[in-house]
Amino acid sequence: MKSPAGRLPLRFSTQTLLLQLGVVLLVVLLSGAVHAWLTFERLGREAENQALTLARTVASDPSVRANVQAISRQAGTPPPAELKAGPLMAVAEGARTRTGALFVVITDETGLRLAHPDADRLGERVSTDPSEALAGREVTTRNTGTLGPSAGAKVPVFAPDVSSGTGPRTVVGEVSVGYSTESIGQSLARDIVPIVLTAAGSLAAGVLASFLLRRRLQRLTLGLEPEEIGALVHDQVAVLEGVDEGVVGISADGRISVFNAAAQRLLGQPDLAGQLWQDAPVPARLKALTLPDAREGEAVELVAGEQVLVASARKALHRREDLGWVVMLRDRTELQHLTRQLDAVGTMSTALRAQRHEFANQLHTIAGFMSIGQHQQARDYLERLAATGPLKFPVDQAELLQDPYLQAFIGAKGVEADERGVSLRIGPETLVRGQVTEPQDVTTVLGNLIDNAVNAAVAGTAAERWVELELLDSEGDGGGTLHVVVADSGDGLPDGGNPEAVFAEGFTTAAGNGVRGAVRAGGGQGLGLALARQLARRRGGDVTVLEPGNVGGPGAVFMATLPGTTTAAATARKD
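Take 26 as the starting number for the sequence shown in the numbering used here and just add one per residue.
Shown next, in the form of structure tokens:
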């Protein structure tokens, strides 16, 4: 953006540098001026004190006092020629010459000059007021006389007859001594060299500090102007707090710099800004995304609380400067719910298609009996259908399932298992008196456990591949509880069977030895068992390992408890 005059405005860092240089220069000049002024005042006071000492010495000279008294008693003032050749002139000039004073002047009681460096001024009244000294008081002065500006002193000359008495003193004249301020200036000129050198050194140090501060300011602000920084802050607040995706910023020193509201909600944590990233209470898989050997931009699924999240991390760079990491979090919980619903619908559709095909075959059989007049055989065939059900799934003891939803779902799973060479059977202890009221949750848990068991059976070393399923419902205050036990012929849990390890987020053996680990429904990301357990626990139940299993079979045994997923048995009987 250009200035009104059409010129590009100075950058803020340049303005700051110029302002600092101006301040440093002003401070140095003021300090130098004050120092020079104080030095000048000190030299002036020293000159006044020196003049006062010399004036006292001259005024106390007995010959001076006597000669001044003698002249004061005469009628009139001696002519200049007589004064020039007189003893007062000799004393004054001798003192001036010895001390380097600008002048040593002696006057009578009326202020007329009796001794003066300029003989032509003898007999004339002094140019400066002598009244203070003629009144008997010593005084220091700075003024400009006939010989130029000076710093000096005036001392009264007392009559010698009372010099040692206690009576009143008689003032018969005064002595004025002055030192030229030009000589003070010369002394100051000698002292000013250190002042100038000190000021120059201070100015150089200030300029260097200003340049260093400018560079640091540019580095801290990344070369941005204040307006740009303000706009970025507003944009950051608007974007970070306005999006539904979680954003976590990690600075180059490993601290959390940004933790927006969506990240707090998705991870179930308060604002963690300022904490060390490695010490933050977030899932370990999330921290692993920012490790040096992590692949940038790789998306992983993880479970946080009741949320299924997709996380990715990218390096934040600005002009090749490493600013840290940015971790993005997206909520996939609803998508997971929709996926589970579609899985359930797909399973049921498969069962319905098989049932429709089987039902059509049965109708053709009945039609054949009727067309040939075998009415009794047709009646017997219908009775057998009524006893065994209209559809025969490859599931052993499927007649133990009374709930039509469970019949269709497990039957479809039996078809899938049979295609992979695994026999799915219902255990003899199965007893479900109520009806399923939460098919989506039952589909998620039961389907994950069955799929997991089928995978383990396929990968196992046992000659006979099977999965056994037992279901039992019980009554409760909030509805019936469905208990599920799933066993398989696989090789059991890996590494001696740590029961809790298989429920850890990310645990999977899908690409390894094939033993029970991640669920196929979890996308091979090690989320299936973790999701199943979380869903069960959210309902007040659980998913646990009853037996870890052995190599060569039998395999692991899992149990799931799902409260509130079936109607009470009494209600089911009324219906």
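Yeah, the Cβ is synthetic: ideal placement off N, Cα and C, and Gly gets one too. Everything numeric in this text was worked out from a predicted model, so none of it was measured.
Exercise for the section: Compute the Euclidean distance between the alpha carbons of Glu-107 and Gly-125, then round it to the nearest angstrom. Expected result: Cα to Cα, Glu-107 sits roughly 25 Å from Gly-125.
Practice task
Scan the stretch 429-455 and note each continuous alpha helix (DSSP H) run of 4 residues or more that stays entirely inside, going in chain order.
Solution key: 429-444
Problem - Span separating the alpha-carbon of Val-570 from that of Ala-526 - result: 10 Å
Handout entry: Classification of Ala-536 by the beta-carbon crowding that lies within 10 angstroms, buried from 16 upward
Key = In this prediction, Ala-536 has a pLDDT of 40, which is less than 50 and means its spatial position is unreliable; what the coordinates show is noted afterwards. Label assigned to Ala-536: exposed.
Problem - Beta-carbon gap between Leu-507 and Leu-449 smaller than 8 Å - result: no
Exercise for the section: Please confirm whether Arg-98 and Pro-185 have their CB atoms less than 8 Å apart. Expected result: Taking 8 Å as the Cβ cut-off, Arg-98 and Pro-185 do not qualify as a contacting pair.
Exercise for the section: Return the CA-CA distance between Arg-146 and Arg-138, expressed in angstroms with no decimal places. Expected result: 7 Å
Problem - Rounded straight-line distance, which links the Cα of Leu-222 to that of Gly-119 - result: 40 Å
Handout entry: With 16 other Cβ atoms within 10 Å as the buried cut-off, status of Phe-128
Key = buried
Handout entry: Uninterrupted beta strand (DSSP E) stretches inside the stretch 122-200 (no shorter than 3 residues)
Key = 128-133, 138-140, 164-170 and 173-183
Practice task
Would you identify the three-state DSSP class for Asp-356, choosing helix, strand or coil?
Solution key: strand
Handout entry: Coarse secondary structure for Gly-226, derived from DSSP in three states
Key = helix
Exercise for the section: Give the straight-line distance between the Cα atoms of Thr-596 and Ile-391, rounded to the nearest whole angstrom. Expected result: Low local confidence applies: a pLDDT of 49 at Thr-596 is under 50, so the model's placement there is unreliable, with the coordinate-based value given in what follows. Spanning the two alpha carbons is a distance of roughly 36 Å.
Handout entry: Status (buried if at least 16 other CB within 10 Å, exposed otherwise) for Met-395
Key = exposed
Problem - Any non-hydrogen atom of the ligand NAP within 7 Å of Glu-149 CB - result: This structure does not include the ligand NAP; it has no bound ligands of any sort.
Practice task
Could you tell me the boundaries of the alpha helix (DSSP H) in which Ile-96 lies?
Solution key: 87-98
Problem - Buried or exposed by the 16-neighbour rule on C-beta atoms within 10 Å, applied to Ala-317 - result: Note that residue 317 is Pro in the sequence shown, not Ala. With fewer than 16 other Cβ atoms from the protein chains shown falling within 10 Å of its own Cβ, Pro-317 counts as exposed.
Exercise for the section: Look at the Cβ atom of Val-420, then the Cβ atom of Ala-585, and state whether they are nearer than 8 Å. Expected result: no
Practice task
Measure the CB-CB distance between Ala-305 and Ser-282 and report whether it falls below 8 Å.
Solution key: no
Practice task
Using only alpha-carbon positions, find the residue among Leu-354, Gln-300 and Trp-491 that is nearest to Glu-323.
Solution key: Leu-354
Exercise for the section: Kindly give me the distance between the Cβ atoms of Val-93 and Val-182, rounded to whole angstroms, as I take these residues to be in contact under 8 Å. Expected result: 5 Å
Exercise for the section: Kindly indicate which residue of Glu-346, Val-328 and Val-483 has the alpha-carbon position closest to the one of Leu-245. Expected result: Glu-346
Handout entry: Three-way DSSP call (helix, strand, coil) for Glu-489 in this model
Key = coil
Handout entry: Residue environment, Thr-135, which counts as buried when at least 16 other CB atoms sit within 10 Å
Key = If you draw a 10 Å sphere on the C-beta of Thr-135, you find fewer than 16 other C-beta atoms in it, and that means exposed.
Handout entry: CB of Val-49 within 8 Å of CB of Gly-231, strictly
Key = Cβ distance < 8 Å, so Val-49 and Gly-231 count as in contact.
Exercise for the section: Go through its chain and collect everything with a Cβ distance to Ala-160's Cβ below 8 Å, but skip five positions before and after it. Expected result: Pro-181 and Val-196
Problem - Beta carbon of Ser-201 nearer than 8 Å to that of Val-130 - result: yes
Practice task
Within 10 angstroms of the Cβ of Phe-284, are there 16 or more other Cβ atoms? Answer buried if so, exposed if not.
Solution key: buried
Exercise for the section: Consult DSSP for Glu-346 and reduce its assignment to one of helix, strand or coil. Expected result: strand
Handout entry: Spatially closest choice to Val-307 from Leu-327, Glu-321, Ala-341 and Ala-319, by CA coordinates
Key = Leu-327
Problem - Whole-angstrom distance between Leu-238 and Ala-61, CA atom to CA atom - result: For Ala-61 and Leu-238, the distance between alpha carbons rounds to 30 Å.
Exercise for the section: Please name the residue or residues paired with Gly-517 in a DSSP beta bridge. Expected result: DSSP, once it has assigned bridges, lists no residue as partnering Gly-517.
Handout entry: Buried/exposed call for Phe-528, threshold 16 Cβ in 10 Å
Key = Of the residues assessed, Phe-528 falls on the buried side of the cut-off, its CB having 16 or more other CB atoms within 10 angstroms.
Practice task
Could you spell out the range, first to last residue, of the alpha helix (DSSP H) harbouring Pro-464?
Solution key: 464-484
Practice task
Quick one: residues in its chain with C-beta nearer than 6 Å to the C-beta of Val-511, no 5 flanking neighbours on either side, listed in chain order?
Solution key: Leu-474, Ala-478, Leu-494 and Phe-583
Practice task
Compare the Cα-Cα distances from Gln-303 to each of Arg-320, Gln-289, Ala-286 and Asp-278 and report the closest residue.
Solution key: Asp-278
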